[in-house]
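If you're matching positions, the sequence shown starts at 450 in the numbering used here and goes up one per residue.
Below you'll find the structure, written out as C-alpha cells, and then a few comments.
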Amino acid sequence: MTYDLQPPASHYVNGRYVEDTAGAVIEVIYPATGAVIAKLHEATEAVIEEAITSALAAQKAWAAMSGTERGRILRRAADIMRERNHDLSVLETHDTGKPLQETLVADATSGADALEYFGGLAASLTGEHIPLGDGNFAYTMREALGLCVGIGAWNYPTQIACWKGAPALACGNAMIFKPSETTPLSALKVAEILVEAGLPAGLFNVVQGTGKVGGPLVTDPRVNKVSLTGSVPTGRKVYAAAAEGMKHVTMELGGKSPLVIFDDADLDSAVSGAINGNFYSTGQVCSNGTRVFVQKGIKEAFLARLTERLKGAKMGDPLDESVNFGPMVSENQISIVERYVAKGQEEGARLVTGGKRLDQDGYWIEPTVFADVTDDMVIAREEIFGPVMCVLDFEDEAEVLARANDTEFGLAAGVFTADLTRAHRMVAGFEAGTCFINSYNDAPVEVPFGGSKMSGVGRENAKSAINHYSELKSVFVRLDACEAAF
Ligand code: NAD
450 MTYDLQPPAS
460 HYVNGRYVED
470 TAGAVIEVIY
480 PATGAVIAKL
490 HEATEAVIEE
500 AITSALAAQK
510 AWAAMSGTER
520 GRILRRAADI
530 MRERNHDLSV
540 LETHDTGKPL
550 QETLVADATS
560 GADALEYFGG
570 LAASLTGEHI
580 PLGDGNFAYT
590 MREALGLCVG
600 IGAWNYPTQI
610 ACWKGAPALA
620 CGNAMIFKPS
630 ETTPLSALKV
640 AEILVEAGLP
650 AGLFNVVQGT
660 GKVGGPLVTD
670 PRVNKVSLTG
680 SVPTGRKVYA
690 AAAEGMKHVT
700 MELGGKSPLV
710 IFDDADLDSA
720 VSGAINGNFY
730 STGQVCSNGT
740 RVFVQKGIKE
750 AFLARLTERL
760 KGAKMGDPLD
770 ESVNFGPMVS
780 ENQISIVERY
790 VAKGQEEGAR
800 LVTGGKRLDQ
810 DGYWIEPTVF
820 ADVTDDMVIA
830 REEIFGPVMC
840 VLDFEDEAEV
850 LARANDTEFG
860 LAAGVFTADL
870 TRAHRMVAGF
880 EAGTCFINSY
890 NDAPVEVPFG
900 GSKMSGVGRE
910 NAKSAINHYS
920 ELKSVFVRLD
930 ACEAAF
C-alpha cells in the first residue's frame, strides 16, 4: 500500500492537512489485532473555526459555478478513487477491520459511484417555469443551502463521507465532515482526492473528534444543514440541537429490520438474503434484517441450510482476500454484542450456532444464530449492531406483517417468496423506508436510501437527495400593471 496508516496530520481544512496537538489524542486501533496504528488529535476550537470560516469563504464562488463545472470535478474525483481503489480499501480495512474482500467492492467503489452520480446530476439541477395567466408567471430557482455538516458512523467511513459530500457539493454547498472517532482515517483521503480533482480549498473539510466536536458544529449558527449517520440516541440529540436553529437535517439512524421468508421461497436464495442481511461487515450494517421471520413449514430446513452455509464463513487476516468474515470494530462494540448474546440465552432463545468470542487479540466473535426467538425478547427488540441473527416463527401473512411492523424502527424490510402478488402486498404494508423483494441490503446510488419512524428523516442517494441539499426560491413576475386596493 502506498498510504501510510499515520496520516500527515489529523484534520484536512482549507485544502491542506492541519494539526493542533492541543486536542485530545485519538488512538486508531486495527480491530483485527487491537494494535494502535495511528494517533490523531481531536479538533480544537481553532481548528473548527478555520473549518467554518474557510468553508464559508469558498462556498459562494462554488455555488456560482455552473453545474457542469462542479460536476466535472466530482466525476474526476470518482475516477481517482477508482484508480486508487486497492490502496483505499487496504486503508479502510485497517480503519474498520472489514475484510479486504468486502472493502474492495463496497467502500471506495460505492463512494466513487456517489461522486460520479451526483457529478452527473449537477448540471441538471434546474427550477421550473409556472405560467399564471395574463402573461404573468413565476419561476423557481434551486439554490444551495450554504454550509452543511456531515457526521459519520464507523461502519462505512468512506461511503458515508461520499454519500453526504457528493450531493452537498453537487448542489453548490460546502461541507465539514466529522468522521466517527473510531474510524477517522479514510475521510481524510476523500478530502485529499477531491482537492486533487480540482475542488477549491475549504469546500470539503474533515475535522476529527467525538460528539464534543460534533456538538458545536451542529449548533453553530453559520451551519445551515446537518446530516448524521449514527444511532437513534445520538440522532435524537443532534436533531433537537439542529431544530433550535431551524436547520435542515438528514438523519440516517439505526434499525431492527424484519426479513420475512415464506415457505414457497427459494430456500438457498432466502438463506443468502439472511446471510447478507446479518453477517456482511460482521453484522455492522444499519439496514440489516436481524429479525428473520421464517414460516413454520420451512423453519427446520432453513436453520439446517443456514448452519451448513455458515461453515463457509472464513475468519482470519482481513487482508487475505479469501477471508470473508472480519472482526468487530472495537472492544466497546464486541462487549455490547457479548452482552446481547448472554441476554438471548438468559431469555430462553435457542443458540443454534456461534456466540463465542475468539480467544485471541482483536475483536473476533463467531457469526451467531438464535432460533425460537419471540417478539418480546430484548434481542428481538433492540438493535445489536453485530453478527447476531434472531429467527422467529410465523404462521400467516397478516400475522407476520403486524409483527414485522411492531417496532419503533423503520429503516428496512425484506420478503422472500415465489408469490410476487404477495411480495408487493407485503412491501406496501411494511413500515420501512427501504424494502427488498427476494434480495437484501442492495444499496445502489440510483435508489433512495433511508428510514421512517425512529430510523430517520430524509433520504440519501438518488435524485431525492438533491431536495435535502438545496432549497427552492420562488420568483413571482408580473408583466401587467401591479394594482392595489387604494
Ligand atoms: P453513534 O450514534 O455513537 O455516533 C455517530 C456519530 O455521531 C459519531 O461520529 C459520533 O462522534 C457523533 N456524535 C455522538 N454524539 C454527538 C453529539 N452529541 N453531537 C454531534 N455528534 C455526535 O453511532 P456509531 O456507534 O458510530 O454507529 C452505529 C449506529 O449508526 C448504529 O445505530 C447504526 O444503525 C447507525 N447507522 C445508520 C446508518 C444509516 O444509514 N441509517 C448507517 C450506518 C450506521
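Ideal Cβ positions, reconstructed from N, Cα and C, are used throughout, including at glycine.
Note that this is a predicted model, so its numbers are computed, not measured.
Any heavy atom of the ligand NAD within a distance shorter than 7 Å of the CB on leucine 677?
Flag set: Cβ of leucine 677 near the ligand NAD.
Shortest alpha-carbon distance to valine 818 belongs to which of Gly738, Thr607, Asp891?
Valine 818 has its Cα closest to that of Gly738, out of Gly738, Thr607, Asp891.
Might you give, ordered along the chain, the residues of its own chain that have their beta carbon closer than 7 Å to the beta carbon of alanine 847, omitting 5 neighbours on each side?
Once the five neighbours on either side are set aside, alanine 847 has no close Cβ partner at all.
Got a sec? Which residues, its chain only, sit under 8 Å from glutamate 844 by beta carbon, not counting five neighbours each side?
Cβ neighbours of glutamate 844 beyond the five flanking positions: Gln744, Lys745.
Is valine 485 buried or exposed, if buried means 16 or more other CB atoms sit within 10 Å of its CB?
The residue in question, valine 485, is exposed, as its Cβ has fewer than 16 Cβ neighbours within 10 Å.
Alanine 504 to asparagine 890, Cα distance in whole Å?
So the two alpha carbons sit approximately 34 Å from each other.
Based on Cα-Cα distance, which residue from Leu921, Gly614, Leu708 lies nearest to arginine 524?
When only C-alpha atoms are compared, the closest one is Gly614.
Considering only their Cβ atoms, is the gap separating alanine 563 from cysteine 611 smaller than 8 Å?
Taking 8 Å as the Cβ cut-off, cysteine 611 and alanine 563 qualify as a contacting pair.
Could you have a look at leucine 652 and say whether DSSP puts it in helix, strand or coil?
Coil.
Give a yes or no on contact between the segment 655-667 and the segment 547-560, applying the rule of three or more CB pairs nearer than 8 Å.
Short answer: they don't touch.
Leaving out the 5 sequence neighbours to the left and right, which residues in its chain are closer than 7 Å to glycine 641 when beta-carbon positions are compared?
A small correction: the amino acid at residue 641 is glutamate; glycine does not occupy that position in the sequence shown. If we look at glutamate 641 and ignore the five residues flanking it on each side, its Cβ neighbours are Tyr461.
Looking at the structure shown, is glutamate 514 part of a helix, part of a strand, or coil, going by DSSP?
Before going on, a small fix: residue 514 reads as methionine here, not glutamate. DSSP places methionine 514 in coil when its eight states are reduced to three.
Would you kindly work out how many angstroms separate the C-alpha atoms of leucine 841 and valine 741, rounded to a whole number?
One C-alpha to the other measures close to 6 Å.
Counting C-beta neighbours from all protein chains within 10 Å, is the total for methionine 590 16 or more, i.e. buried, or is it exposed?
Looking at its Cβ environment, which holds fewer than 16 other Cβ atoms inside 10 Å, methionine 590 is exposed.
Phenylalanine 711: which of Ala723, Leu702, Ala636 sits nearest, CA to CA?
Closest by alpha carbon: Ala723.
Quick one: is the Cβ of isoleucine 600 within less than 7 Å of any heavy atom of the ligand NAD?
Yes.
Specify whether the segment 625-645 and the segment 601-610 touch according to this definition: at least 3 beta carbon pairs, one from each stretch, less than 8 Å apart.
Enough Cβ pairs lie closer than 8 Å, so yes.
When you measure from the CB of serine 680 to every non-hydrogen atom of the ligand NAD, does any distance come out below 7 Å?
Yes, the Cβ of serine 680 comes within 7 Å of a heavy atom of the ligand NAD.
Could you name the residues of the same chain whose beta carbon sits closer than 6 Å to that of alanine 867, not counting the 5 residues immediately before and after it, in chain order?
For alanine 867, where only same-chain residues beyond five positions count, the Cβ hits under 6 Å are Asp713.
By Cβ distance, which residues of its chain are closer than 7 Å to valine 707, with the 5 residues on each side in sequence left out?
According to the sequence shown, residue 707 is proline rather than valine. The answer, listed in chain order, is Gly738, Arg740, Phe742, Ala853, Ala862.
Check for me: the alpha helix (DSSP H) holding proline 580 runs from which residue to which?
First-last for proline 580: 578-582, but that is the beta strand (DSSP E), not the alpha helix (DSSP H).
Report the residue from Leu643, Arg671, Cys735 whose alpha carbon sits nearest the alpha carbon of glutamate 498.
Checked all of Leu643, Arg671, Cys735; the closest Cα to glutamate 498 is Arg671.
First and last residue of the beta strand (DSSP E) that includes asparagine 916?
From DSSP, asparagine 916 is part of no beta strand (DSSP E) but of the alpha helix (DSSP H) over 913-917.
So that I know if they touch, is there some Cβ in chain D lying closer than 8 Å to that of valine 644?
Annotation note: the requested chain D is absent from the structure, which comprises a single protein chain.
Please tell me whether tyrosine 479 and histidine 543 are closer than 8 Å, where the distance is taken between their beta carbons.
Against a cut-off of 8 Å, the Cβ pair of histidine 543 and tyrosine 479 comes out as a contact.
Less than 8 Å separating the beta-carbons of proline 767 and alanine 481?
Yes, the Cβ-Cβ distance between proline 767 and alanine 481 is below 8 Å.
State yes or no: is the C-beta of tyrosine 918 nearer than 7 Å to some heavy atom of the ligand NAD?
Every heavy atom of the ligand NAD is 7 Å or more from the Cβ of tyrosine 918, so no.
Once DSSP output is grouped into helix, strand and coil, what is the label at lysine 763?
Reduced to three states, the DSSP call for lysine 763 is coil.
Pick from Thr883, Leu850, Val675: whose alpha carbon is nearest that of lysine 696?
Considering only alpha carbons, the answer is Val675.
Helix, strand or coil for arginine 950 per DSSP?
Beyond the ends of the chain as shown, which are 450 and 935, falls residue 950; an answer cannot be given.
Quick check on arginine 908: buried or exposed, where buried means 16 or more other Cβ atoms within 10 Å of its Cβ?
The residue is buried, with at least 16 neighbouring Cβ atoms inside 10 Å.
Assuming the contact rule is C-beta atoms closer than 8 Å, glycine 464 and glycine 651 should be a hit. Round their C-beta distance to whole Å, please.
Right, their Cβ atoms sit about 7 Å apart.
State the start and end residues of the unbroken alpha helix (DSSP H) segment that holds glycine 599.
Unbroken run through glycine 599 is the beta strand (DSSP E), 596-600; no alpha helix (DSSP H).
Kindly list the residues whose CB is nearer than 6 Å to the CB of glycine 905, restricted to its own chain and excluding five residues on each side of it in sequence; keep chain order.
Closer than 6 Å at the Cβ level, and outside the excluded window around glycine 905, lie Met700, Glu701, Leu702, Gly899.
Run the proximity test for valine 687: is its beta-carbon closer than 7 Å to any non-hydrogen atom belonging to the ligand NAD?
Yes; taking the cut-off as 7 Å, the Cβ of valine 687 has a heavy atom of the ligand NAD nearer than that.
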